Amino acid sequence: MYTMNKLISLFASKRIFECRTATTRLSADGKEIPKVKNIAPRITLISPDNSVSITDLKNAQTLSTRRDLKLVKIQDVDAKTRRPVYKMMSSADYHNEELQKRKEKQESRQQATNKGEKLLTLSTRIGEHDLMTSVKKMLKLLEKQYEVRVVITGEGQESAASEKVYTLIEKNVKESGKIVQKRTKGNTLRFQLLPSKVMSTQASDNGINGPSDGNKKNNGPL
Numbered sequence: 010m011y012t013m014n015k016l017i018s019l020f021a022s023k024r025i026f027e028c029r030t031a032t033t034r035l036s037a038d039g040k041e042i043p044k045v046k047n048i049a050p051r052i053t054l055i056s057p058d059n060s061v062s063i064t065d066l067k068n069a070q071t072l073s074t075r076r077d078l079k080l081v082k083i084q085d086v087d088a089k090t091r092r093p094v095y096k097m098m099s100s101a102d103y104h105n106e107e108l109q110k111r112k113e114k115q116e117s118r119q120q121a122t123n124k125g126e127k128l129l130t131l132s133t134r135i136g137e138h139d140l141m142t143s144v145k146k147m148l149k150l151l152e153k154q155y156e157v158r159v160v161i162t163g164e165g166q167e168s169a170a171s172e173k174v175y176t177l178i179e180k181n182v183k184e185s186g187k188i189v190q191k192r193t194k195g196n197t198l199r200f201q202l203l204p205s206k207v208m209s210t211q212a213s214d215n216g217i218n219g220p221s222d223g224n225k226k227n228n229g230p231l
């Protein structure tokens with residue numbers, strides 16, 4: 010009888026041990042190792058009223074869906090909290106945010122492509138040969154991605170002469186740049202030349218396609 014009870018006890022202990030090994034982890038000395046709970050990574054959540062809370066991404070997604078808001082990641086990892094930062098935005102706020110990002114991107118591209126400005130001052134009494142030399146200089150500067158500010162000065166009432174010089178410059182540089190900010194004050198005419206690369210960047214950011222290669226002309230300054 011004693012032997013039978015011992016066998017039953019050993020059999021029961023074996024089953025309990027097998028059950029425990031299937032559901033728990035044991036250390037080398039037979040002690041249970043506590044289970045590690047899977048905790049969702051925490052995020053910093055900014056509400057539309059700029060109030061800040063700490064939650065997990067799943068809860069933030071549920072909350073934004075319930076409020077009919079967009080959940081936007083605005084920072085991968087905050088340097089102080091080491092948590093990603095999300096913000097709930099209305100459709101209007103999200104649209105304005107995208108426009109601002111696009112504007113900053115466009116300004117960044119312009120700064121990267123534009124090397125700076127050069128100033129050229131011309132007189133209405135300039136000869137045709139000297140004028141064409143100045144035009145070629147403008148074209149070289151535009152090719153090197155410089156913006157060129159041009160000032161045409163005259164004496165007395167020489168607005169017609171200033172316009173004549175301006176028209177000749179416009180005709181010869183239109184394939185390489187664009188004239189902007191034209192203005193006349195007294196006997197002085199001023200304008201600015203933008204290189205074509207800056208123009209194409211602006212057009213691309215605004216969703217405008219430039220002319221195809223088949224429609225481009227390559228007339229020289231003359």
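Sequential numbering from 10 applies to the sequence shown in the numbering used here. Ideal Cβ positions, reconstructed from N, Cα and C, are used throughout, including at glycine. Treat the numbers as computed from the prediction; the structure is a model and nothing was measured.
- Ser-132: not part of any alpha helix (DSSP H); member of the beta strand (DSSP E) spanning 125-132, first to last residue.
- Under the rule that a run must span 4 or more residues, the alpha helix (DSSP H) segments found entirely inside the segment 132-211 read 137-152, 168-182.
- Per the coordinates, the alpha-carbon of Ala-169 lies some 14 Å from the alpha-carbon of Ile-178.
- The beta carbons of Leu-54 and Tyr-103 sit no closer together than 9 Å.
- With respect to Glu-126, Tyr-155 sits close: the two C-beta atoms are nearer than 9 Å.
- Within the same chain, and ignoring the five residues on either side of Asp-65 in sequence, the residues whose Cβ sits closer than 8 Å to its Cβ are Ala-49, Pro-50, Arg-51, Ile-52.
- If you look at Lys-79, you'll find it in the beta strand (DSSP E) that goes 79-84.
- One thing to note: Thr-197 has its Cβ no nearer than 9 Å to the Cβ of Val-144.
- When Pro-57, Val-86, Gln-84 are compared, the shortest CA-CA separation from Ser-73 is found for Pro-57.
- Ala-69 has its alpha-carbon roughly 12 Å from the corresponding atom of Val-61.
- The criterion of a C-beta distance shorter than 9 Å is not satisfied by Val-174 and Leu-202.
- For Thr-74, the uninterrupted alpha helix (DSSP H) run begins and ends at 66-75, by DSSP.
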